[in-house]
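The block underneath contains the structure these notes are about, expressed in structure tokens.
There are 2 protein chains.
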Amino acid sequence: MWKRHRHSECIKEAISRAEKTCIARKCRLTPIRKKVLELIWKSHKPIKAYDLLAQLSSDNFTEKPPTVYRALEFLHENNLIHRIESQNAYIGCNADHDSFDSKFLICDKCNEVEELIEPKVNKALFEISKKQGFTPSLVNVEIHGTCSQCAQR
Amino acid sequence: MWKRHRHSECIKEAISRAEKTCIARKCRLTPIRKKVLELIWKSHKPIKAYDLLAQLSSDNFTEKPPTVYRALEFLHENNLIHRIESQNAYIGCNADHDSFDSKFLICDKCNEVEELIEPKVNKALFEISKKQGFTPSLVNVEIHGTCSQCAQR
DNA sequence: ATATGAGTGTTATAATATAACATACCTCTT
DNA sequence: AAGAGGTATGTTATATTATAACACTCATAT
Ligand SMILES: [Zn+2]
Ligand SMILES: [Zn+2]
Ligand SMILES: [Zn+2]
Ligand SMILES: [Zn+2]
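In the order they appear, the protein sequences are chains A and B.
Following the working numbering, the numbering of the first sequence begins with 817 at its first residue and continues without gaps.
Following the working numbering, the numbering of the second sequence begins with 817 at its first residue and continues without gaps.
Written as structure tokens, this is what we have:
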């Protein structure tokens with residue numbers, strides 16, 4: 817996001833990463849799962865389940881919701897995508913980060929999302945939690961605002 | 817949460833706080849809005865819109881969804897409640913904190929939620945965002961895990 | 001009293017997600 | 001090659017969450 821790049825490379829990298837993950841974890845990147853992951857990456861923004869569904873379907877053929885939700889579940893379990901809670905939408909992840917740590921910058925103008933990879937805040941949040949007697953297992957941070965591109969306009 | 821307290825006092829305090837807020841902001845805590853706020857506080861956990869709806873309704877009378885969603889919208893705009901995004905549920909707020917800063921400890925066992933009031937992490941996140949050229953307007957942190965009560969069991 | 005805006009009632013529908021069960025398809029064993 | 005067992009998909013139905021649109025009521029301010 818906000819950096820020029822060959823987006824087709826992102827997608828290739830994501831698929832290749834997914835294939836490796838599946839070998840390592842002994843699970844299968846079936847055609848449906850692969851297609852959903854590709855569509856998520858093509859979108860370049862968080863994409864909603866029913867938009868994926870529409871793109872999966874062709875004129876003479878309609879996929880049903882469970883198809884896409886199952887693929888999303890699989891991809892999520894295997895750390896290949898994230899769900900942006902405040903948008904009910906899904907975005908690809910190409911970073912090797914702890915699965916319990918996710919942080920996003922969400923532009924409310926253009927809707928693009930960038931994942932923040934930064935371990936310190938996570939650590940601080942874990943420590944604060946523990947002080948309260950709470951045992952954290954997962955941290956999700958969603959920061960809304962305006963990206964640099966949109967700020968310039 | 818996780819601290820013994822007279823919960824009836826929480827509710828009273830919340831209503832009194834809401835009344836003050838409404839005077840200050842020149843808006844109205846109508847009977848519906850007040851009732852919804854009370855029900856949210858009575859729940860003691862995040863509560864869902866349709867559960868509120870059920871509680872608002874009596875045997876011979878059913879409220880409609882817009883009634884509760886409008887009340888929730890009002891309460892949220894006026895910083896009297898928070899929405900827990902990962903649960904599609906709503907919880908009361910009695911803290912005087914910046915409206916753009918909300919952090920929650922969410923116990924996945926008992927479903928109770930505690931709000932964390934702690935300014936440092938927020939500041940750190942703002943700074944990290946700005947370094948990326950992003951102008952933040954709102955931070956939401958949801959930390960899932962196990963509360964001390966549930967850990968003991 | 002009457003105009004104005006805020007609040008509520010009502011109907012309908014949109015958007016998001018899952019349950020349940022049937023069928024197909026891999027992969028391993030024999 | 002046949003069968004068993006598990007994984008994945010197809011299919012139907014339904015649950016859950018949320019909003020649009022328009023009519024009506026009510027407070028209150030001039
Ligand atoms: Zn990630
Ligand atoms: Zn933007
Ligand atoms: Zn709060
Ligand atoms: Zn608990």
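Just so you know, even glycine gets a beta-carbon here, dropped at the ideal spot from N, CA and C.
Note that this is a predicted model, so its numbers are computed, not measured.
For A/K925, the distance from the CB to the nearest heavy atom of ligand 4 is not below 6 Å. The stretch 867-883 of chain A makes no contact with the stretch 914-927 of chain A, as fewer than three CB pairs between them are under 8 Å. Within the DSSP bridge table, the entry for B/V929 names B/I922 as partners. Using a Cβ distance threshold of 7 Å, B/L921 and A/S945 count as a contacting pair.
In this structure, the alpha-carbon of A/I933 lies about 7 Å from that of A/K919.
The Cβ of B/C963 sits closer than 7 Å to at least one Cβ of chain A.
Listed by position along the chain, the residues with Cβ atoms less than 6 Å from a non-hydrogen atom of ligand 3 are B/H898, B/C909, B/A911, B/H913, B/S918 and B/E931. The nearest non-hydrogen atom of ligand 4 is 6 Å or more from the C-beta of A/Q968. Listed by position along chain B, the residues whose Cβ is nearer than 9 Å to that of A/P952 are L921, I959, H960, G961 and T962. Between the alpha carbons of B/N938 and A/R886 lies a gap of roughly 35 Å. Pairing B/V884 with B/A870 gives a Cβ-Cβ distance that is not under 7 Å.
Counting only the Cα atoms, B/E879 lies some 29 Å from B/C926.
Exposure of B/S832 is indicated by the presence of fewer than 16 other C-beta atoms within 10 angstroms of its C-beta. Residues of the stretch 875-908 of chain A with a Cβ closer than 7 Å to any Cβ of chain B, in chain order: E901 and S902.
If you draw a straight line from the Cα of B/I856 to the Cα of B/A967, it comes to about 26 Å. Taking C-beta atoms under 8 Å as the contact rule, B/I897 and B/L888 qualify, at a distance of about 7 Å. At a cut-off of 7 Å between C-beta atoms, B/I933 does not count as an interface residue with respect to chain A. Cα atoms of A/E943 and B/S964: separation of roughly 14 Å, rounded to the nearest angstrom. With a cutoff of 7 Å on beta-carbon distance, A/T837 and A/N894 are scored as near each other. Neighbourhood of B/A940 in chain A, by CB distance below 8 Å: K936, V937 and A940, in chain order. In this structure, A/N910 sits near A/E829, with a CB-CB distance shorter than 7 Å. A direct Cα-to-Cα measurement between A/P882 and B/I863 gives close to 27 Å. When secondary structure is reduced to three states using DSSP, B/T962 falls in the strand class. If you ignore the 5 residues before and after B/L941, its C-beta comes within less than 6 Å of the C-beta of V955, all in its own chain and listed in chain order. Distances from the CA of A/E930 to each of B/S859, B/K851 and B/P952 were compared; the closest alpha carbon is that of B/P952. DSSP places B/R899 inside the beta strand (DSSP E), whose first and last residues are I897 to I900. Look at A/A834: its C-beta is not under 7 Å from any C-beta on chain B.
With a threshold of 7 Å between beta carbons, A/V852 makes no contact with chain B. In this structure, ligand 2 has no non-hydrogen atom nearer than 6 Å to the beta-carbon of B/Q948. Distances from the alpha-carbon of A/C923 to those of A/V852, A/F890, A/I959 and A/R969 put A/I959 closest. Interface criterion not met: the Cβ of B/V929 is under 7 Å from no Cβ in chain A.
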